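>
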Amino acid sequence: MTKYRSNPEHTIVKWTKDGKRIPSNFPGHNDYLLKFPDFIRREHSGTYNLLVENGYDQVNFQFLVSVVGPPEVIRAPPPLLLVMEGENVTFSCQLDSFITESLEINGLPYQPNPTNFRTELRDQYPYLKDALIQPLQRNGHILTYSAYNLMFTPGSKIGPTHTVSLVGKNEYGLARVSTLVRVLPRINILNAPKDYSCTTDCLNSVSHTFDCVIDTDPYQSTYFVQTWELNGISVSKMTKDYQQSKFIKTEGTKLIITPVDDPSLTVLFRKVNVTCRWRIFYPHVTSRIADLDTRLLEPDMKVYDSHDDVKIHPLMTAALDLQVDHDPTPASANISWITAVIIGILVIIAIGVLTACLVMRFRGETYMLDREERALGNDPEKELREKEAFQTYERAEEPPLRGSRCSLNDDSAEIGSDGDGELDDYNLDPGKFNEEGSFIGEYATERHKGPSNRLPTLDRNYNPAV
1 MTKYRSNPEH TIVKWTKDGK RIPSNFPGHN DYLLKFPDFI RREHSGTYNL LVENGYDQVN
61 FQFLVSVVGP PEVIRAPPPL LLVMEGENVT FSCQLDSFIT ESLEINGLPY QPNPTNFRTE
121 LRDQYPYLKD ALIQPLQRNG HILTYSAYNL MFTPGSKIGP THTVSLVGKN EYGLARVSTL
181 VRVLPRINIL NAPKDYSCTT DCLNSVSHTF DCVIDTDPYQ STYFVQTWEL NGISVSKMTK
241 DYQQSKFIKT EGTKLIITPV DDPSLTVLFR KVNVTCRWRI FYPHVTSRIA DLDTRLLEPD
301 MKVYDSHDDV KIHPLMTAAL DLQVDHDPTP ASANISWITA VIIGILVIIA IGVLTACLVM
361 RFRGETYMLD REERALGNDP EKELREKEAF QTYERAEEPP LRGSRCSLND DSAEIGSDGD
421 GELDDYNLDP GKFNEEGSFI GEYATERHKG PSNRLPTLDR NYNPAV
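In C-alpha cells:
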C-alpha cells in the first residue's frame, strides 16, 4: 500500500513485478493498493514497483518481497526406479532455499566416512554389502545420487533393492524426497532360441519351430513384452506385403515357420536370423494397443531390452537356412507305410483268432441233452408224456436196447434172461441168434454163407399147441 497526493484525472498508475506485469493470480490492484493471493507461494518473492505519473513528474514506489519458509521441491525424482542387476543407478532432484543437504539409505544417514558407513550398512542390510553408494553430489539447487555394482547376493529375493531419501534443510525446516530403487535380476532363459537353429537339412517340406521361454516370476510387477523378429523386422508388423508372413505364425512363446510349398519361395528363409526380443517396461505402461506403441517408444519407460544385452542377445537368436526338398513325398515311403499298416492289421486279426481258439478249447463243449439222449435210444418227450404229472422221473438203471419198443413201465422179463420166453412159441434156440439179428447161417451176408441148413419158414397161422 502506498500513499501519495495527486489529481486522479491527470495521473497514470502502473504496477509491475520484476519489470513485468502483475501475475494474473493476484486478486486485484488499484492506484495505491496491491493485494496478494491468500496462499503465499515462493514464487511471489520479487521486486514490486508502483509508477505514478501526472504529465509533469513521476514517482516510483519500490517494494522488495521475500517469501521465506522450508526448502521447496522444484523437481522431484521418480518414486520408483527399476534397474537391472549389474547396472548403475543415477538420479537427481532440484530443491530451492535449502542450506544443507543429506542422504539416507533405508533411513540410515550417510556418514562422511564411506568406510564406516559401508560397514554399518552391511551389518543392517546384508544384501547391500556389495553395493557401492557414492556421496551425495550438489550442483547449485540440484542434488544427485549415484550407486554402482548393484548385484544380487546368494539367497536374496529382493537383491540390492533400497530406498533413497534426499533431504534439504534451512532455518525454517526441511524438504525430503524418496525414491525406491528396485533391482531386477538378470533374465533366466529356460528355452533359448539358439538351441533351435537349423542350418543343415532344413527342408522346405516340413515346419520349423522356435521357442523362447523366460522365467517371468521376478518381473510380475513390471510390464514385459516378448516379440519375434526376422532379420530385424518385427513379425507382428509384417503385413501382407511381406511374402514371409504367409508362412509365419506364433503360438504362445513359439514361432512356427510352416512348410513352404513353392520351392521358389524357399529363398525367403535362406540364411536368416530368427530373434526373440524381450523387453521390460515400468508397470504404469498400459497394455492398450492404441497407447502401447507410443509409450514403448519413450526412453524413460523402458527398463531392459535384450537387443542391448551383449551376453543375452546371441542366445536369443537362431539361424535358419531353408533348403529345397527335391523328393518331398517319395512314393516308396507311402507304399511302405501302407504295407506296414496292412501287416499290422493282419497280425492283430491272427492274434485274435488264435486267442479265441484257445479260449474255446479249454472252455469245453456244450452238452446237447436232447441229442445225446436220443443217441442212447431214449425219447425224452415220450417219457415225460407217459409219466403222471408232478412226479419225480426215475429211469431204469439199465437202458433199453436200441430200437426196443418196450414201455418204460413194462414188467416183462429182460431180453436174454431165463424168464424171457420170447422164442418159446417158435421152438427156436436163442443161443443161435447172432449179432446181426438173424439166425446163424440163415440171414448172414454172402461172406458168412455156408452149407444150407436153413429152417423152414414159419407159417403165419402156425399154432404150436396143435
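For the sequence shown, the UniProt record's numbering assigns the number 1 to the initial residue and increments by one for each residue that follows.
We put the beta carbon where it would ideally sit given N, CA and C, even for glycine.
Keep in mind that this is a model prediction, so the values were computed, not measured.
Could you have a look at Thr16 and say whether DSSP puts it in helix, strand or coil?
Here residue 16 corresponds to residue number 16 of the sequence shown, with the count starting at 1. Note: Thr16 maps to strand in three-state DSSP.
> Would DSSP call Lys157 helix, strand or coil?
Residue 157 sits at position 157 when you count from the first residue of the sequence shown. Coil at Lys157, not helix or strand.
> Just the C-alpha distance for Glu101 and Lys129, rounded to the nearest angstrom, thanks.
Residue mapping note: residue 101 aligns to position 101 of the sequence shown, counting from 1. Residue mapping note: residue 129 aligns to position 129 of the sequence shown, counting from 1. Answer to the nearest angstrom: the Cα atoms are 25 angstroms apart.
> Work out the CA separation of Val67 and Thr227 for me, nearest whole Å.
Start at 1 with the first residue of the sequence shown, and residue 227 comes out as number 227. Start at 1 with the first residue of the sequence shown, and residue 67 comes out as number 67. Using only the alpha carbons, I get a separation of about 55 angstroms.
> Measuring CB to CB, does Leu180 end up less than 8 angstroms from Gly86?
The residue you call residue 180 lines up with position 180 of the sequence shown. The residue you call residue 86 lines up with position 86 of the sequence shown. Cβ atoms of Leu180 and Gly86: not closer than 8 angstroms.
> Closer than 6 angstroms by C-beta to Asp305: which residues in its own chain qualify, once you throw out the five before and the five after it? Chain order, please.
In the sequence shown, counting from the first residue as 1, residue 305 sits at position 305. Cβ within range, chain order: Arg279.
> Can Val13 and Asp31 be called in contact, C-beta distance under 8 angstroms?
For the purposes of this step, residue 13 is taken as residue 13 along the sequence shown, with counting starting at 1. For the purposes of this step, residue 31 is taken as residue 31 along the sequence shown, with counting starting at 1. A contact, by the Cβ cut-off of 8 angstroms.
> Considering only the beta carbon of each residue, do Ile158 and Tyr127 sit closer than 8 angstroms?
The count along the sequence shown starts at 1 and reaches residue 158 at position 158. The count along the sequence shown starts at 1 and reaches residue 127 at position 127. Contact: yes.
> Does DSSP classify Val267 as helix, strand or coil?
The count along the sequence shown starts at 1 and reaches residue 267 at position 267. Helix.
> Taking just the CA atoms, how far does Pro37 sit from Asp57?
In the sequence shown, the residue the question calls residue 57 occupies position 57. In the sequence shown, the residue the question calls residue 37 occupies position 37. The alpha-carbon atoms of Asp57 and Pro37 are separated by roughly 32 angstroms.
> Just to confirm, is the Cβ distance from Val183 to Val65 under 8 angstroms?
On the sequence shown, residue 183 is found 183 positions in, with the first residue counted as 1. On the sequence shown, residue 65 is found 65 positions in, with the first residue counted as 1. In this structure, Val65 does not lie closer than 8 angstroms to Val183 by Cβ.
> Which residue comes first and which comes last in the alpha helix (DSSP H) that contains Gln124?
Residue mapping note: residue 124 aligns to position 124 of the sequence shown, counting from 1. Unbroken alpha helix (DSSP H) run through Gln124: 114 to 124.
> Please report the straight-line C-alpha distance between Phe281 and Cys198, rounded to a whole angstrom.
Numbered from 1 along the sequence shown, position 281 holds the residue referred to as residue 281. Numbered from 1 along the sequence shown, position 198 holds the residue referred to as residue 198. Whole-angstrom Cα-Cα distance: 32 angstroms.
> So is Val177 buried or exposed if we call it buried at 16+ other beta carbons inside 10 Å?
Counted from its first residue, the sequence shown places residue 177 at position 177. It is buried - the Cβ of Val177 has at least 16 other Cβ atoms within 10 Å.
> Taking contact to mean 3 or more Cβ pairs, one atom from each stretch, closer than 8 angstroms, check whether the region 206 to 215 and the region 107 to 118 are in contact.
Contact fails: fewer than three Cβ-Cβ distances are below 8 angstroms.
> Assuming Thr275 and Thr317 form a contact by the criterion Cβ under 8 angstroms, report the distance between their Cβ atoms to the nearest whole angstrom.
Position 275 of the sequence shown holds residue 275. Position 317 of the sequence shown holds residue 317. Right, their Cβ atoms sit about 5 angstroms apart.
> Quick check on this structure: which residue in His10, Ile345, Thr250 has the alpha carbon closest to the alpha carbon of Asn54?
Here residue 54 corresponds to residue number 54 of the sequence shown, with the count starting at 1. Nearest C-alpha to Asn54: His10.
> So, are the CB atoms of Ile74 and His141 less than 8 angstroms apart?
Counting from one through the sequence shown, the residue named residue 74 turns up at place 74. Counting from one through the sequence shown, the residue named residue 141 turns up at place 141. Yes, they are a contact pair.
> Considering only C-alpha positions, which residue in the set Thr253, Thr115, Val260, Leu320 is nearest to Thr200?
Locating residue 200 in the sequence shown gives position 200, counting from the first residue. For the residues Thr253, Thr115, Val260, Leu320, the minimum Cα distance to Thr200 belongs to Leu320.
> Any idea what DSSP makes of Gln244, helix, strand or coil?
As a first step, residue 244 is located in the sequence shown; it is residue number 244 there, counting from the start. Looking at Gln244 - three-state DSSP - the assignment turns out to be helix.
> Can you tell me which residues form a DSSP beta bridge with Lys254?
Stepping through the sequence shown from its first residue, residue 254 is reached at position 254. For Lys254, which the question treats as bridged, DSSP gives the partners Asp211, Glu251.
> Expressed to the nearest angstrom, what Euclidean distance is found between the alpha-carbon atoms of Pro92 and Glu298?
For the purposes of this step, residue 92 is identified with residue 92 of the sequence shown, where counting begins at 1. For the purposes of this step, residue 298 is identified with residue 298 of the sequence shown, where counting begins at 1. Checking the sequence, you will find Ser at residue 92 rather than Pro. Each residue's Cα considered, the two are about 19 angstroms apart.
> Quick one: is Cys357 buried, meaning 16 or more other Cβ sit within 10 Å of its Cβ, or exposed?
Here residue 357 is taken as the residue at index 357 of the sequence shown, counted from 1. Exposed, because fewer than 16 other Cβ atoms sit within 10 Å of the Cβ of Cys357.
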